[in-house]
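Just so it is clear: in the sequence shown, position 190 is 189 by our numbering, and no numbers are missing. Ideal Cβ positions, reconstructed from N, Cα and C, are used throughout, including at glycine. Notes to accompany the following structure.
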Amino acid sequence: MRREDRGRGTDGLQYDAGRFAARVRFLVRRLLRVRLFTKILLANAVIIATAMLATAAAMGGLITLPMDEAAVARIGLLIAAGGVATVAISGFVVRLALEPLRELEQAARRAAAGDLEARARPSPLADRELEALIRVFNDMLERVAVYRRRMRAVTARALDTLEEERRRVAQELYDDTAQALAELVIRLRLARCNCNGAERDQALEEVRAGLTAAIERVRRYAAELRPPSLDLLGLVPALEGYARTLEARAGIRVNVRADPVAGLLVRDAELALYRIVQEALENVARHSGARMAVVDIRRRPDGISAVIQDPGHGFSPEQAERDGALGLLGMQERAHWVGGRVRIQSQRGTGTRVEVEMPLRSREATACRT
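Take a look at the structure:
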């Protein structure tokens, strides 16, 4: 045989061996992917069949009396019937034992399809481990459902707040600014028709003062929607300006202490931190009964921390969470959306402490660590 033919024969054998190994692996994977019930039933059937064959072989060696073919057939039929009955009983028992798993699977499929009210029913057939798994699964779904309801409530509150803010701004613009501008238009017409120079100058001065006041009102409305100082000056000056506004409006003295943090936060995180501090201070004004508060902003190696503290009445955060305090949940969600977190510590009679942590820009975080 030529060397080329021998090489082709060796390659052919290797190719056939590779195909055979691949087919075996495919069959093994298919076998391993069958249902758990089928696996257990097949394993029991193999064990029972092996035990029956071993028993038959042992009996054949022990029985020395001559038997006709009919007797042998009857014995074989009885053994086969016993084996089938044993496998059937085993399958029934296995199905009962796996029924809690099937119930759990159905509940998981319903939850994956969007039905967060789905629950796996407790089963008297479940052992302690499976019962614990069902309980954990149901608790997880309950937490997800509660979180989803709260998020819907927060979204609804945000939409209501937005619509209320739009209504308020529209009403103020119409009742205040628009009326003032209409009055100024009338004064301008009168001043133009007035031939007396001194009276015309006085009317124009009144129009100028009215326009200046209208411009200030428009600026105030814009600042309430989004403070321009946040974009122009940065986080700390914006908070200091808001603290002065709150003191003038509600009589609460706010002491803002801060490290230089300009440019350390991304824009969304900076806005989120401003809104969280604003919400915390509004809660102080509305609920705490305190006449002062402290805002402490510090730069950390991995982020910016802000602490808002007041010596007011305090409250129970757990009770507020159960009652669905949307303001607190809104602060936590606002921080979560930008990678931060909020912790609230409070007890009745001891005041409230709100701790906020925001991540730095990745480049700045690396510089701080080094």
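Our two residues, LEU97 and ALA21, have alpha carbons roughly 33 Å apart in a direct line. The beta carbon of ASP258 sits closer than 6 Å to the beta carbons of ARG297 and ARG298 from its chain, once the five residues preceding and following it are set aside; these are given in chain order. Here VAL206 has LEU183, ARG186, LEU187 and ALA190 as same chain residues with Cβ atoms under 8 Å from its own Cβ, once five neighbours each way along the sequence are excluded.
Counting other Cβ atoms within 10 Å of its Cβ, THR351 reaches 16 or more and is therefore classed as buried.
By alpha-carbon distance to ASP309, the top candidate from LEU41, VAL353, GLY302 and ALA212 is VAL353.
DSSP, reduced to helix, strand and coil, places ILE303 within a strand of the structure shown. In this structure VAL86 is in contact with ILE47, their Cβ atoms being roughly 6 Å apart against a cut-off of 8 Å. Between the alpha carbons of ARG156 and GLU102 lies a gap of roughly 37 Å.
Across the structure, MET330 and GLN170 are spaced so that their CA atoms are roughly 28 Å apart. Around the beta carbon of LEU76, fewer than 16 other beta carbons sit within 10 angstroms, so the residue counts as exposed. Beta-bridge annotation (DSSP): ARG252 is paired with MET291.
Selection ASN254, PHE91 and ASN43 evaluated against LEU238 yields ASN254 as nearest (Cα-Cα).
Contact between ALA305 and VAL294 holds, since their C-beta atoms are separated by about 7 Å, short of 8 Å.
For VAL184, the enclosing alpha helix (DSSP H) has its first and last residue at 178-192. When the alpha-carbon of ALA106 is set against those of ASN137, ALA84, ALA131 and ALA72, the nearest one is in ASN137.
Collapsing the DSSP output to three states places THR85 in a helix.
Listed in chain order, the non-local C-beta contacts of ARG127 below 8 Å within the same chain number zero, local neighbours out to five positions each way being set aside.
PRO226 carries a coil assignment under DSSP once its states are collapsed to helix, strand and coil.
The residues VAL337 and MET357, in chain order, have a CB closer than 6 Å to that of ALA268 in the same chain once the five nearest residues on each side in sequence are set aside. At a Cβ-Cβ threshold of 7 Å, LEU115 and VAL143 count as neighbours.
The C-beta distance from THR176 to ARG216 rounds to 6 Å, short enough to meet the 8 Å contact threshold. Taking all protein chains in view, the Cβ of LEU263 is crowded by 16 or more other Cβ atoms within 10 Å, so the residue is classified as buried.
Under the DSSP assignment, VAL355 falls in the beta strand (DSSP E) whose first and last residues are 351-358.
Per DSSP, GLN277 lies in no beta strand (DSSP E); the unbroken alpha helix (DSSP H) holding it starts and ends at 266-282. The beta carbon of GLY17 lies closer than 8 Å to none in the same chain, with the five residues before and after it left out. Judged by beta-carbon spacing, ALA249 lies within the 7 Å limit of ALA284, meaning their Cβ atoms are closer than that value. Looking at the DSSP output, VAL341 shares a beta bridge with VAL355.
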